[in-house]
Amino acid sequence: MIRYYLLIPLLLIALVFGISFGHLRQSHHDYHQRAVLTVHNLGAIVTEATAGSLHTIDITLQAAADQVQFNIQHENADNANLNKQLYFLERRVPGLILLTYSDVHGNVKSGENITINISNTAYFKRLQEDANIGMVISEPIRDLSTNEWVLICARRYTLQDGKFGGVVYSSLKIGQMISQLLGNRLQLKNNDILLIFNAELTTISNYFNGRESLESIGKKISWGDLDNSSNSISTSNVQITHHFFDQNERFTYVNQIPNLPLYVVLGLTSEEIFSPWWKEVIFISFIDLILAAAITYVFVSHYRSRIKKLNDHEQYQMDLQYRSMHDPLTKLPNRQLLLDRLNQTIQSAIRENYKVAVFLINLDKFKFINDNLGHEYGDQALREIALRLNEIIREPDIVARLDGDEFVAVCKIVPIDNSNLIAQRILECLQAPLLLNNSQIVLDGSVGISLSPEDGDAAEVLLRRATMAMLRAKASEKNNKAQYYLHEMQSAAEDRMLLEKQLRNAISNNELVLYYQPQVDLRSGTLTGFEALIRWNSPVYGLLPPGRFIPIAEETDLIKAIGCWVLDTACKQIHDWHELGYEWLTVAINMSAAEFCSGETVTYIEDVIKRYRIPPSCLEVELTESLSLNDPVASIETMHRLKNLGVRLAIDDFGVGYSNLGYLKLFPADCLKIDQVFTRGLCSNQEDRAIVNTVIQLANSLSMVALAEGAETESEARQLCELGADRVQGYWIARPVPPEEVIPMLQKSRMFDPKLLMPTSERLKVLVVDDSATMREFIVEGLSDVLSVDFLCAEDASEAMSIILSNQLFAIIADNYLPGQSGVELLAQARKIAPSVLRVLITGTPNTQLLREAINFAGVEHFLSKPVDLDHLLDILKKAMVREVTAFERK
54 MIRYYLLIPL LLIALVFGIS FGHLRQSHHD YHQRAVLTVH NLGAIVTEAT
104 AGSLHTIDIT LQAAADQVQF NIQHENADNA NLNKQLYFLE RRVPGLILLT
154 YSDVHGNVKS GENITINISN TAYFKRLQED ANIGMVISEP IRDLSTNEWV
204 LICARRYTLQ DGKFGGVVYS SLKIGQMISQ LLGNRLQLKN NDILLIFNAE
254 LTTISNYFNG RESLESIGKK ISWGDLDNSS NSISTSNVQI THHFFDQNER
304 FTYVNQIPNL PLYVVLGLTS EEIFSPWWKE VIFISFIDLI LAAAITYVFV
354 SHYRSRIKKL NDHEQYQMDL QYRSMHDPLT KLPNRQLLLD RLNQTIQSAI
404 RENYKVAVFL INLDKFKFIN DNLGHEYGDQ ALREIALRLN EIIREPDIVA
454 RLDGDEFVAV CKIVPIDNSN LIAQRILECL QAPLLLNNSQ IVLDGSVGIS
504 LSPEDGDAAE VLLRRATMAM LRAKASEKNN KAQYYLHEMQ SAAEDRMLLE
554 KQLRNAISNN ELVLYYQPQV DLRSGTLTGF EALIRWNSPV YGLLPPGRFI
604 PIAEETDLIK AIGCWVLDTA CKQIHDWHEL GYEWLTVAIN MSAAEFCSGE
654 TVTYIEDVIK RYRIPPSCLE VELTESLSLN DPVASIETMH RLKNLGVRLA
704 IDDFGVGYSN LGYLKLFPAD CLKIDQVFTR GLCSNQEDRA IVNTVIQLAN
754 SLSMVALAEG AETESEARQL CELGADRVQG YWIARPVPPE EVIPMLQKSR
804 MFDPKLLMPT SERLKVLVVD DSATMREFIV EGLSDVLSVD FLCAEDASEA
854 MSIILSNQLF AIIADNYLPG QSGVELLAQA RKIAPSVLRV LITGTPNTQL
904 LREAINFAGV EHFLSKPVDL DHLLDILKKA MVREVTAFER K
């Protein structure tokens, strides 16, 4: 068995070497084919580049010949201009120098002097003899002045009669042509060659060993050097040769330049071409040896390693299972392991007849640590709490971490144990300070407790019910609290889920309605506006107040949709009331933090106002002070944007939250609302009275209207009036009513008689209106000594109306002839505002028409003629005062 087993590595090694050999053989063939293709393509590039360069020279010579011919045909032509033209043509071709011309006798023309004769040169003779020949290229010539090899490129030109006129010729630097046009582009390596020779096999240019080889220029080569190849190649222009310049084997390209008696030879050294292949041979051989050694090692040590691998696999599975069942931060069991152990504990408790308590622990200030100190200290706090819980929970009880800042303790409860004591130890553990970042921090916490079998006999059920109890404990006002699960909690949770489900369809089903509660001026009893209060007319639950569903809407993000509906409905109602003929009314709406902090709030409010074409001042947005303090900078910015629109702002429920007067003074609010908690304690609690008084004074100092909510009795309203509140809202005025019940309120001139709020000890106020200062002084001075009243004076109807609106008057004595408006008109307006006020008209010449208008429209009770009889007026006022006091005492 062992012998056959050892054949396996031998077969594998043979397979590896066989695959490598086949790969190298194919790779060698690929390198060979690529070399043939490469040298053929490079040779073609050289051929085309050389032909292109010489073609450019030929065109330049042709242009020069034409220029010379033109100059000769015109006897008066300028030779200087011809030389200039030839110079410009010479500059167009890199490497071309000394472009000039000769006459028919070979005399070179340079300015006006004949300096050289080229009639004995081979190229001159060829051009002279052959009229059809094109450009002629000479053999390489060494320029004695620069010691550079050059070629003479020449072309004939003819005279006007078509006879030979001379040649145009120029020198071409061989080195520059090869290095710039060919060598730099090809990037030839050492031992590569690039050769150009003419039809006489004379070397014109040679690029060898990475540079131009000057030694071989001008020498002749043998065709035998090119034809002696070691093997044949499929491409006719490519062959492998050993006998060109040296014994290096090369892939050689040989080809004639089109239309020229020149030949190109390009040779790429085989050693350079196959150098990567030899590296590949060495690398693959090295890899094969390593693989052979590795295969041998693997098979030899197989039996020993197999046992070790099995052991390692088992350990890995154990570690993996541990990590899947434990929290990586605290090393406590996680939820999965907790549920498994809790189910086992419950089954054991059923068999052995004992109870199991599940304590779900939530840390109250963990988010504060993460946000202010960082997650590093948050992790440190979690590890410390885990250690403390392990110390107070005995074996075999369980401590686990669910997620975030929630821990669970599962304890066996026997008759001698008390779950209250365990809960107390847990709370004490949470209350002990933690040292974090050199500071002592107390976390506090909330604990929910469920018991088995009373609260359930399944792990998930007990955990869920402990969570309900924890949430109830967290909602209480105490710190460090524990709460047992109660069965009504489950009903409450189920009711809440059903309520949320119904609420999601409330808007689409038109189940939401707005009720309106009036807001009234305390001094005059006149209606100043309404607060829009949402109700949910549910087909399942009936008419629900906002306290039943708004908290759920805020938790489930439905509050934005509800807020948009309230805004839209309230603005539409303002528009509808105005369309019925009533003046523009102010309606206040409440806005939640989610709505107010949204970046689209101002834009949406502006769109709704424009859609219903209502004045922006008719809309008042009520914000709680705590909402404003969450992000005061952003809140102030949004408030100013709303104020710029013209929308009114009110701070709602002031005094209930954590007031920050430093920020409050920056809020551009119009109204400060006193919470009903303080209003209802005015008559029985001195502290509430002091708070209300302070808030009213604060509102006055900040130029805000002080509006008190929740006034349910006349006594509370009277107290608010005495403290100086501006407006009141509550059941004493009216309960919130649907829109159709608002109409009767709009038809009233007053919501209540302001005299109801007047204390018995308060002095009555009498207004005297006359444009004559003498008459006003006469009445006031004549009655002040005999009547205990306060006199107010006005000289015209406008000033009088201002006093009427801001004061509770007992009587108005007005002259009929006033500037701008008559006394009858003034008293008619006063009758609408204060119908119970005593109205007395002074007239110089009373007539029947005036008396009729004064009685019918102004409700004037008494008339006085000038000069005024003070005794008669005193008698009128005294009788009215007796009636007033009697009526007040009766009430």
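The numbers in the working numbering rise by one with no breaks, and the one at position 673 of the sequence shown is 726.
Note that CB positions come from ideal geometry on N, CA and C, so glycine has one too.
This one's a predicted model, so the numbers in the text were calculated from it and none came from an experiment.
1) Return helix, strand or coil for K418, following the three-state DSSP convention.
2) Look at the Cβ atom of A722, then the Cβ atom of L776, and state whether they are nearer than 9 Å.
3) As an exercise, report each continuous beta strand (DSSP E) stretch of at least 3 residues that is fully enclosed by the stretch 619 to 669, in chain order.
4) Would you report the Cα separation of T288 and N185, rounded to the nearest angstrom?
5) Mind checking who T691 pairs with in its DSSP beta bridge?
6) DSSP on T288, reduced to helix/strand/coil?
7) Any idea what DSSP makes of R733, helix, strand or coil?
8) Which whole runs of the alpha helix (DSSP H) in the stretch 388 to 467 are 4 residues long or more, in chain order?
9) Terminal residues of the continuous alpha helix (DSSP H) containing E182?
10) Which value, in whole angstroms, describes the spacing of the CA atoms of K226 and G75?
11) How would you call N425, buried or exposed, if buried means at least 16 neighbouring beta carbons within 10 angstroms?
12) State the Cα-Cα distance for the pair K932 and C736, rounded to the nearest angstrom.
13) Work out the CA separation of E673 and I662 for me, nearest whole Å.
14) Should A535 be counted as a contact of the ligand GDP given a C-beta to heavy atom distance under 8 Å?
15) Thinking Q572 and T581 are a contact (beta carbons under 8 Å), I'd like their distance in whole angstroms, please.
16) Could you give the first and the last residue of the continuous beta strand (DSSP E) run that contains Q572?
17) List the endpoints of the continuous alpha helix (DSSP H) containing W331.
18) In angstroms, rounded to a whole number, what distance separates the CA positions of D806 and A887?
19) From this set, I125, P62, L204, A175, which residue's C-alpha is nearest I110's C-alpha?
20) Beta strand (DSSP E) containing R601: first to last residue?
21) For the beta strand (DSSP E) that K726 lies in, which residues bound it at each end?
22) Comparing C-alpha positions only, which one of K242, N301, Y210 sits nearest to Q126?
23) Which value, in whole angstroms, describes the spacing of the CA atoms of M644 and Q397?
24) Using the DSSP secondary-structure output, state which residues sit across from W202 in a beta bridge.
25) DSSP has T255 in a bridge; who is on the other side?
26) Taking the beta carbon of A339 as the centre, do at least 16 other beta carbons fall within 10 Å, making it buried, or is it exposed?
27) Buried or exposed for G71, going by 16 or more other Cβ atoms inside 10 Å?
28) Look at R436 and L390 and say whether their C-beta atoms are less than 9 Å apart.
29) Are the CB atoms of V411 and S505 nearer to each other than 9 Å?
30) What would DSSP say about T813, mapped onto helix, strand or coil?
31) Can you have a look at R701 and say buried or exposed, based on whether 16 or more other CB atoms are within 10 angstroms of its CB?
32) Please return the same chain residues whose Cβ sits closer than 7 Å to the Cβ of R829, not counting the five positions on each side in sequence.
33) Going by Cα to Cα distance, which pick from H428, R517, N406, N490 is closest to V461?
34) Pull up the DSSP beta-bridge partners for G595, would you.
35) Pick helix, strand or coil for E481, following the three-state DSSP scheme.
36) Out of G501, L483, I502, state which residue places its alpha-carbon closest to the alpha-carbon of V495.
The structure says:
1) The count along the sequence shown starts at 1 and reaches residue 418 at position 365. When secondary structure is reduced to three states using DSSP, K418 falls in the coil class, being assigned neither helix nor strand.
2) Numbered from 1 along the sequence shown, position 669 holds the residue referred to as residue 722. Numbered from 1 along the sequence shown, position 723 holds the residue referred to as residue 776. Not closer than 9 Å, so no.
3) Listed in chain order, the beta strand (DSSP E) runs fully inside the stretch 619 to 669 are 639 to 643, counting runs of at least 3 residues.
4) Taking the sequence shown and counting its residues from 1, the one referred to as residue 288 is at position 235. Taking the sequence shown and counting its residues from 1, the one referred to as residue 185 is at position 132. With a pLDDT of 48 at T288, under the threshold of 50, the modelled position of that residue is not reliable, and the figure given next carries that caveat. Pairing T288 with N185, the inter-Cα distance amounts to about 35 Å.
5) The sequence position of residue 691 within the sequence shown is 638, counting from 1. None; T691 has no bridge partner.
6) By one-based count along the sequence shown, residue 288 stands at place 235. The predicted model places T288 with a pLDDT of 48, which falls under 50 and marks its position as unreliable; any figure quoted below should be read in that light. It is coil, neither helix nor strand.
7) Taking the sequence shown and counting its residues from 1, the one referred to as residue 733 is at position 680. Looking at R733 - three-state DSSP - the assignment turns out to be coil, as it is neither helix nor strand.
8) Within the stretch 388 to 467, the complete alpha helix (DSSP H) runs of at least 4 residues are 388 to 405, 419 to 425, 428 to 445.
9) Numbered from its first residue, the sequence shown carries residue 182 at position 129. Taken as a continuous stretch (DSSP letters only), the alpha helix (DSSP H) holding E182 covers 175 to 182.
10) Counted from its first residue, the sequence shown places residue 226 at position 173. Counted from its first residue, the sequence shown places residue 75 at position 22. Looking at the two C-alpha atoms, the distance is approximately 51 Å.
11) Taking the sequence shown and counting its residues from 1, the one referred to as residue 425 is at position 372. Counting other Cβ atoms within 10 Å of its Cβ, N425 stays below 16 and is therefore classed as exposed.
12) The sequence position of residue 932 within the sequence shown is 879, counting from 1. The sequence position of residue 736 within the sequence shown is 683, counting from 1. C-alpha separation (whole angstroms): 34 Å.
13) To locate residue 662, count along the sequence shown from 1; it is residue 609. To locate residue 673, count along the sequence shown from 1; it is residue 620. Each residue's Cα considered, the two are about 12 Å apart.
14) Among the components modelled here there is no ligand, and therefore nothing to report on the ligand GDP.
15) Taking the sequence shown and counting its residues from 1, one reaches residue 572 at position 519. Taking the sequence shown and counting its residues from 1, one reaches residue 581 at position 528. Contact holds; Cβ gap of about 5 Å.
16) Position 519 of the sequence shown, counted from the start, is the residue given in the question as residue 572. Taken as a continuous stretch (DSSP letters only), the beta strand (DSSP E) holding Q572 covers 565 to 574.
17) The count along the sequence shown starts at 1 and reaches residue 331 at position 278. For W331, the enclosing alpha helix (DSSP H) starts and ends at 323 to 353.
18) As a first step, residue 806 must be located in the sequence shown, where it is residue number 753. As a first step, residue 887 must be located in the sequence shown, where it is residue number 834. Distance from the CA of D806 to the CA of A887, rounded to the nearest whole angstrom, comes to 8 Å.
19) As a working note, residue 110 is residue 57 in the sequence shown. Of the listed residues, the one whose Cα sits closest to I110 is L204.
20) Residue 601 sits at position 548 when you count from the first residue of the sequence shown. Careful: R601 lies outside any beta strand (DSSP E), inside the alpha helix (DSSP H) at 599 to 608.
21) Residue 726 sits at position 673 when you count from the first residue of the sequence shown. First-last of the beta strand (DSSP E) with K726: 724 to 727.
22) Taking the first residue of the sequence shown as 1, we reach residue 126 at position 73. Checked all of K242, N301, Y210; the closest Cα to Q126 is Y210.
23) Residue 644 sits at position 591 when you count from the first residue of the sequence shown. Residue 397 sits at position 344 when you count from the first residue of the sequence shown. For the pair M644 and Q397, the Cα-to-Cα distance works out to about 51 Å.
24) Counting from one through the sequence shown, the residue named residue 202 turns up at place 149. According to DSSP, residue pairing for W202 in a beta bridge involves R195.
25) Within the sequence shown, the letter at position 202 stands for residue 255. Per the DSSP secondary-structure output, T255 pairs in a beta bridge with K273.
26) Here residue 339 refers to the residue found at position 286 of the sequence shown. Checking the sequence, you will find Phe at residue 339 rather than Ala. Around the CB of F339, fewer than 16 other CB atoms lie within 10 Å, so the residue is classed as exposed.
27) In the sequence shown, the residue the question calls residue 71 occupies position 18. Classification for G71: exposed.
28) As a working mapping, residue 436 is identified with position 383 in the sequence shown. As a working mapping, residue 390 is identified with position 337 in the sequence shown. At a Cβ-Cβ threshold of 9 Å, R436 and L390 do not count as neighbours.
29) Along the sequence shown, one-based indexing puts residue 411 at 358. Along the sequence shown, one-based indexing puts residue 505 at 452. Contact flag set, yes.
30) The residue given as residue 813 occupies position 760 in the sequence shown. With a pLDDT of 45 at T813, under the threshold of 50, the modelled position of that residue is not reliable, and the figure given next carries that caveat. Look at T813 here: in three-state DSSP terms it is coil, with no helix or strand label.
31) Within the sequence shown, the letter at position 648 stands for residue 701. Around the CB of R701, 16 or more other CB atoms lie within 10 Å, so the residue is classed as buried.
32) For the purposes of this step, residue 829 is taken as the residue at position 776 of the sequence shown. Excluding five sequence positions before and after R829, the CB atoms of its chain that fall closer than 7 Å to its own CB belong to V821, D823, C846, given in chain order.
33) One-based indexing of the sequence shown puts residue 461 at position 408. Relative to V461, the option among H428, R517, N406, N490 whose CA is nearest is R517.
34) For this step, residue 595 is matched to residue 542 along the sequence shown. Residue pairing by DSSP puts G595 in a beta bridge opposite S591.
35) Sequence index remark: in the sequence shown, residue 481 carries index 428 (1-based). If DSSP states are grouped into helix, strand and coil, E481 belongs with the helices.
36) As a working mapping, residue 495 is identified with position 442 in the sequence shown. For the set G501, L483, I502, the Cα lying nearest the Cα of V495 is the one of L483.
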